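These notes concern the structure reproduced below.
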């Protein structure tokens, strides 16, 4: 019993130690981000690596998620004579919840793992130590551009995911199931609130991107 308590206490202390190290690391990254104002091309290159190269999987996943949601929503609503609400149901689901969440999972799986592997390899081959010997701060040169790129890319990718998902839902609902295109498009325009729905989803995606990128660069 005592051993279990000691093990639990050691695990708790270790967790708080990692949280403290991660917080100090985050403060250093934020402080080093100011240097990107002088060298914006560092950020642009990482935006391409982190954001643009993740775009294809976001578009493909968003298209099929929207198609499946439209199909399942139609079968659930047609029994109640409410099949015209497929458009607003899919749109709200994507903007509020599924868009940010699924994008965060895909972003962590593709871009997050790539960041961790890249930084870990640079650390293992002593490239970061070499930068320090040449009076180059790796926090400003390597870590900060990748962190800010992930933070900026995530809400953009989530917005693209939701837009492509609505397009996929439109193709299934209108072209395959024969729903009225006007009803599909007009209901989301009337029901979706700019601040409550769109901005809420963007804020979620920013938070998810912040956490995913922070963990990726810290673990690297």
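In our numbering, the protein residues as written are 1 to 220.
Cβ coordinates follow ideal geometry from the N, Cα and C atoms, glycine included.
All figures in this text were calculated on a predicted structure; none of them were measured in a lab.
Would you check if the distance between the CB atom of residue 153 and the CB atom of residue 217 is smaller than 7 Å?
-> Not a contact, by the Cβ cut-off of 7 Å.
Look at the Cβ atom of residue 139, then the Cβ atom of residue 28, and state whether they are nearer than 7 Å.
-> yes
Which residues bound the alpha helix (DSSP H) around residue 118?
-> 113–124
Boundaries of the alpha helix (DSSP H) in which residue 234 is found, first to last residue = No statement about residue 234 is possible, as the shown extent of the chain runs from 1 to 220 and does not include it.
Would you say residue 86 and residue 70 are within 7 Å of each other, going by their C-beta atoms?
-> yes
Considering only residues of the same chain and omitting the five flanking positions on each side of residue 164, which have a CB-CB separation below 8 Å?
-> 58, 59, 62, 63 and 66
Three-state secondary structure (DSSP) of residue 39 | coil
Would DSSP call residue 81 helix, strand or coil?
-> Of the three classes helix, strand and coil, the one that applies to residue 81 here is coil, per DSSP.
Quick one: give me the first and last residue of the alpha helix (DSSP H) that residue 217 is part of.
-> 200–219
Can you tell me whether DSSP reads residue 70 as helix, strand or coil?
-> Shown here, residue 70 sits in a helix according to DSSP, grouped into three states.
Thinking C-beta only, is residue 166 closer than 7 Å to residue 91?
-> Less than 7 Å separates the beta-carbon of residue 91 from that of residue 166.
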